[in-house]
Every structure is written in structure tokens, then in C-alpha cells.
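For reference, the structure is listed below as C-alpha cells.
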Amino acid sequence: MAKLRVGIIGAGLITQVEHLPNLLALPEMFEVVAVADPSAKVRAHLAARWGVDPAATPEALFEKRLDAVVVATPDALHARLIIAALEHGLHVFTEKPLCYAVEDADAVIRARDKACRIVQVGYMKRFDPAYEALAAMVQGQGARLRYLSVEVNDPDSWPFVSHRDVLAGDDVPPAPIDEARQARSDQIARVLGTQPSDNHLRGISGPYFSSLVHDVNLAHGLLDEMSLSAGDIVGAAWFANSGGGHGSVRLAPGDALWSMAHVAVPDLADYLERVSLWFDDRILELQFPSPYLNHQPTLLIERRSDGHHARTICHRPSYAEAFVEELKGWWRAIVEGAAVRNTLEAARRDLALLTELSRRALKS
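Numbering follows my numbering, with no gaps: position 185 of the sequence shown is 1434.
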């Protein structure tokens, strides 16, 4: 079995809780060569904790003998680093969102095509066994869909990682922090077509492009199975001091509606992410645990009735970890030529819809 030599760019929460331990747990597929991060404290911590070599910068990482990289930096840096990795001949796994602006996604697509390398976007929910089971159940059922709803309440990560061995890098110099913030502001200005206020920055980078981007991608996948697509935007808004985001979209063909909402609940140690499909005769629902909780299966709940006899069926297709399965999928795409499940083109479609929602929310 071919083993890929991998470097990781960015050693924040998602790397420390998921990507690094998951890559190390797949030694037949991956060898983690080094991890790059601007925090000297984090680099030392990971070297001591996991035995991985540290690198201060992506450029230092690129100088090592690698086959592929994982990009897990602040969002606004993704596109630049993906293109740099491709120019070094490396395959890429990138955290979501791919970027903010659609034209940046186009630039990444061109770089991938020129390099002839694999790029997979980190939408792990598309590898969730419950999602896979739901996608099979709804195939060809588009004419019967009445409503698609997404509802997320999220306190951020603190209740779900406080027991984990995670070190925050509080020694990062101001310059790279300021650079990332400015890049985010500039890119969101291009999305909106105007200079964003602080509320706009929070609404786009939080509820929309950080949280709901997962559900937009997931919903797009289900709509594809049903031969449906997003049509006209009915409404969009940020609320709760931009800790909340909402959007509603008509689906075509037919007369179904897709509604989505994310609400930050910072002082409630609870998380619920619910995606429901309402058909003529049944409701199918995914209930996701916090993404930072391992070994907590997503529930697939089916509600239907025979006359007055109502039934609720809870499906648990597998206990496989979506974060692990997406890395296996990336390896299969690189080594075995398997189809890439989370493509750049799919991510571009997600960004295009979120861009239209953002511009609509700006006017509300």
C-alpha cells in the first residue's frame, strides 16, 4: 500500500483535535512529515506530544520531501496556500471554506488543472455514514419534496474540547495575525462589492462561510440526488449581532423551499445541527453532534405513518468517523484514482450561493 508523505499547514484546533491524530492513526496510508505553525509554543507542544517535526512557515514545509499537504489555516489564507502547494507539485486537502470569493475559487481550479493534482475540500459530513444512507434514500424523490430545513445552534467549541489536549498559540507575532485579518476583510469586500462593517464581517465569516457552508454543501449533495437545484433567493439576514444567519431559497423544478439558520448560543453547553427533508408522506432528518466529539454517531431519523399509525425509526448505519473517512477518501483519490467526493467545483457552487445570500442580507 502506497504511503503518502504529508505536511500540515496550520496547527490550530481542528488540526490538534482531528487532522493530526487521525492522520497518525492511518500509518498505512500517511506519514506526517512536519507541521507548520507561526506559534513556537504550539510547534514545541506538537513535537513533544505527537513526535512530529515542526516548521515555522509554509515555505519551510514546502522544502521538505512531501507528496501532499493539509491546509488548516485561517480561512482567508486558504486559496493562496493551496495554489502555492500545487505549484510545488503537491496534492492538497483543504479545510472549508475553500475561500470567500468565487474568483479565488476559479484561480485554485486553474492551478489544480495546471498541476494535475488532487484537491479535496474538507466537508467531512459528506463522508458521514448517516448522510450516505440518507442520500441513497432520497434518490429520485425530488418531485415529492416539500421543504428542506437546516437548523444549527452552536456555542462554538468550548464545551466539546475542554477535556482535550489542545494548546492555543498565544505567542504568534502581530504581523501574521494582522495579515490574515486584512486578507479576510479584503476578500469579503470583494464578495459584497463594498467595504464590510464589523457586523458584515462577523455575519459572513461566522454563520455563513464557517457554519452554514457545511450544510449548504450537504444540501447541495442531497438536491443532486433528487435532481433539484437552488433557484431564487427568498430572503437572507444576519441577526443577534451577526451571531445568527438565515437564508431561504426556492428549489427548482417544483415548489419546495429550502430554509437555513445558524444561531450562536455562546453560554449554552449544547449543540444541535438538524437537516430535515419533508416529503408528502414522511420526514427524514439528520441530527449531527458537535463536530469535535468523536464516537458520537449522527442519527438518521425517519418519521412516517400507515394511516393513523405513526412511526419513528432511528437509523444508525455505522459508527465510522466522518473525519477519518474523508482522509481515506483523499488517499484513494490520490493513490487509486477514485473520484474526488468534495471537489473544487462543488465548493465553488457553495460559495456562489453564500455570496448571493450575503449580498441579499446586506440589503435587509
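Cβ coordinates follow ideal geometry from the N, Cα and C atoms, glycine included.
It should be emphasised that the depicted structure is a prediction, and the values quoted were computed from it without experimental measurement.
Neighbourhood of residue i by C-beta, 8 Å cutoff - its chain only, sequence neighbours within 5 removed
i, result
"Leu1441", "His1449, Ile1453, Ser1607, Arg1608 and Leu1611"
"Ala1354", "Ala1328, Leu1347, Cys1348, Leu1593, Ala1596, Arg1597 and Leu1600"
"Leu1269", "Ile1257, Ala1260, Val1281, Val1284, Leu1295, Trp1299 and Val1301"
"His1544", "Tyr1568 and Glu1570"
"Glu1336", "Ala1360 and Ala1364"
"Ala1588", "Ala1582"
"Glu1352", "Arg1439"
"Ser1478", "Leu1472, Leu1500 and Ala1501"
"Ser1460", "Val1401, Asp1403, Gly1494 and His1511"
Residues that DSSP places opposite residue i in a beta bridge
i, result
"Ala1569", "According to DSSP, Ala1569 bridges with nothing at all."
"Asp1302", "Ala1283"
"Ile1257", "Val1284 and Val1319"
"Val1524", "Val1399 and Leu1535"
Residues near residue i in its chain [Cβ-Cβ closer than 6 Å; skip 5 each side]
i, result
"Asn1402", "Val1512, Val1514 and Leu1521"
"Ala1333", "none"
"Leu1416", "Val1291 and His1294"
"Ala1283", "Gly1256, Asp1302, Ala1304, Leu1310 and Lys1313"
"Ser1476", "Gly1391"
"Ser1508", "Ser1398 and Ser1497"
"Pro1546", "Arg1565 and Tyr1568"
"Arg1631", "Because the chain in this structure spans residues 1250 to 1613, residue 1631 falls outside the shown range and cannot be described."
"Gln1265", "Val1415"
"Gln1444", "Ala1438"
"Glu1267", "Phe1572"
"Ser1539", "Phe1409 and Tyr1520"
"Phe1342", "Val1319, Gln1369 and Trp1579"
"Val1474", "The residue asked about is misnamed: residue 1474 is Glu in this sequence, not Val. Excluding sequence neighbours, Glu1474 sits near Ala1384, Val1387 and Gln1388."
"Arg1451", "Ser1491"
"Met1373", "Ala1571, Phe1572 and Glu1575"
"Gln1536", "Arg1523 and Leu1548"
Cβ neighbours of residue i in the same chain (closer than 7 Å, five flanking residues each side left out)
i, result
"Val1462", "Lys1345, Pro1346, Asp1599 and Leu1603"
"Asn1271", "Phe1572, Val1573 and Leu1576"
"Arg1499", "Gly1480, Asp1481, Val1483 and Leu1506"
"Ala1289", "Asp1420"
"Leu1262", "Ser1406, Val1410 and Val1415"
"Gly1470", "Arg1375 and Ala1384"
"Cys1563", "Leu1548 and Ile1550"
"Arg1560", "Arg1553 and Ser1554"
"Pro1307", "Ile1258, Ala1285, Leu1330 and Ala1333"
"Asp1377", "Thr1547 and Ala1571"
"Glu1605", "Ile1482"
"Ala1350", "Gln1436, Arg1439 and Val1440"
"Tyr1396", "Ala1505, Leu1506 and Trp1527"
Whole-number beta carbon distance between residue j and residue i, since they are thought to touch under 8 Å
i, j, result
"Val1524", "Val1399", "5 Å"
"Leu1526", "Glu1551", "About 10 Å separates the two Cβ atoms, so there is no contact after all."
"Arg1393", "Asp1529", "5 Å"
"His1340", "Ile1367", "5 Å"
"Ala1429", "Ala1297", "That pair is no contact at about 26 Å."
"Pro1404", "Ala1518", "6 Å"
"Asp1516", "Gly1418", "Contact doesn't hold; Cβ gap of about 25 Å is too wide."
"Leu1253", "Ala1317", "5 Å"
"Leu1584", "Ala1251", "Residue identity differs from the one stated: residue 1584 is Val in this sequence, not Leu. Yes, they are in contact, since the Cβ atoms of Val1584 and Ala1251 sit about 5 Å apart, within 8 Å."
Please go through the region 1316 to 1402 and give each complete beta strand (DSSP E) segment of 3 or more residues, from N-terminal end onward. Here the runs fully enclosed are 1317 to 1320, 1340 to 1344 and 1368 to 1371.
Ordered list of beta strand (DSSP E) runs contained in the region 1453 to 1513, each at least 3 residues: Those beta strand (DSSP E) runs which fall completely within the region 1453 to 1513 and span 3+ residues are 1478 to 1488, 1493 to 1501 and 1506 to 1513.
Could you tell me whether the region 1418 to 1435 touches the region 1276 to 1284, where touching means 3 or more Cβ pairs closer than 8 Å? Touching, no.
Would the region 1362 to 1382 and the region 1481 to 1497 be scored as touching if the rule is three or more Cβ pairs under 8 Å? Touching, no, given that fewer than three Cβ pairs across the two stretches are closer than 8 Å.
Could you tell me whether the region 1411 to 1425 touches the region 1576 to 1585, where touching means 3 or more Cβ pairs closer than 8 Å? Taking a cut-off of 8 Å on C-beta distances, the region 1411 to 1425 does not touch the region 1576 to 1585, as fewer than three cross pairs fall below it.
Please go through the region 1529 to 1607 and give each complete alpha helix (DSSP H) segment of 4 or more residues, from N-terminal end onward. Counting only runs of 4 or more, we get 1571 to 1584.
Start-end ranges of the beta strand (DSSP E) lying completely within the region 1411 to 1446, minimum 3 residues: The qualifying runs do not exist here; there are none.
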